[in-house]
Each structure stands twice: as structure tokens, then as C-alpha cells.
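Visitor:
Numbering (our numbering), first residue to last: 19 to 147.
#1: Alpha helix (DSSP H) containing residue 158: first to last residue?
#2: Need the endpoints of the alpha helix (DSSP H) that residue 135 sits in, please.
#3: Sort 118, 95, 57, 58 by Cα distance to residue 77 and report the nearest one.
#4: Say whether the stretch 122 to 135 touches the stretch 79 to 95, bearing in mind that this needs 3 or more beta-carbon pairs closer than 8 angstroms, one atom from each stretch.
#5: Can you tell me the Cα-Cα spacing of residue 116 and residue 110, whole angstroms?
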């Protein structure tokens with residue numbers, strides 16, 4: 019957890035490529051269930067969502083990190099509260115397959131109840147056959 023404050027500082031202040039790399043590091047850390055709450059407590063969610071204006075790689079890596087964090091049901095409300103849906107829905111139409119897949123995975127973890135599914139559709143996600 020000692021690295022988390024440093025990673026948050028980098029997400030705030032480094033280049034777009036650097037932010038993409040930091041988001042990738044956070045996604046790897048979030049892969050471990052025991053670190054997810056620490057990542058959220060360190061303030062990662064708003065910083066990851068802010069990457070919606072960054073590079074395609076940064077967006078994809080942010081969606082991957084959000085997906086791992088969304089595996090913890092209590093965190094889902096926090097993720098939604100940070101305004102993550104526009105980022106995730108936009109990534110469903112991304113250039114890269116990685117971005118699309120990460121966004122779809124995150125949305126699948128968030129779509130656990132009818133009100134949230136309605137918010138996802140309202141944000142622009144549509145089911146197509």
C-alpha cells in the first residue's frame with residue numbers, strides 16, 4: 019500500500035502516457051482482492067474516471083482497473099457515483115478491442131440490479147442482437 023500514494027500523485031501530474039502506465043499498474047494491483055479497498059481509499063476512482071479524456075491506452079487501462087474494483091459489490095456504488103458510466107459506455111465503441119473488452123467487463127460487474135442496468139442504458143449502452 020506504500021506505493022499507492024505515489025501512484026495517485028502520478029495519475030494527477032504526469033504525461034498521458036505515464037497516466038496510462040499508472041492505470042495499468044493499478045489494474046494489476048486491483049487484481050488482488052486484498053488491495054481493492056486500499057486502492058479506493060487512496061482516491062483512485064476519480065483519477066481513473068478522469069482518464070476518459072486521455073489516450074486510448076489510458077482509457078482501456080482505466081476500464082480494466084475499474085472492472086477489477088467493481089468485483090467488490092460495495093465499491094460499485096462508489097464507481098457509479100464517480101461518473102464512470104460515460105467513460106465505460108464510450109469505450110464500448112473504442113478503437114481497440116482491449117478497450118471494448120475492459121469496458122464490457124466493468125459494465126457487467128456494475129449491472130447487478132435493475133436500477134443500475136437502467137442507468138447503463140440511459141448512458142448510451144444498447145443491447146443489439
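Note that beta-carbon positions come from the ideal geometry of N, C-alpha and C, so glycine has one too.
Guide: Let's see:
#1: Because the chain spans 19 through 147 in this model, residue 158 falls outside it and cannot be assessed.
#2: 132 to 140
#3: 118
#4: yes
#5: 10 angstroms
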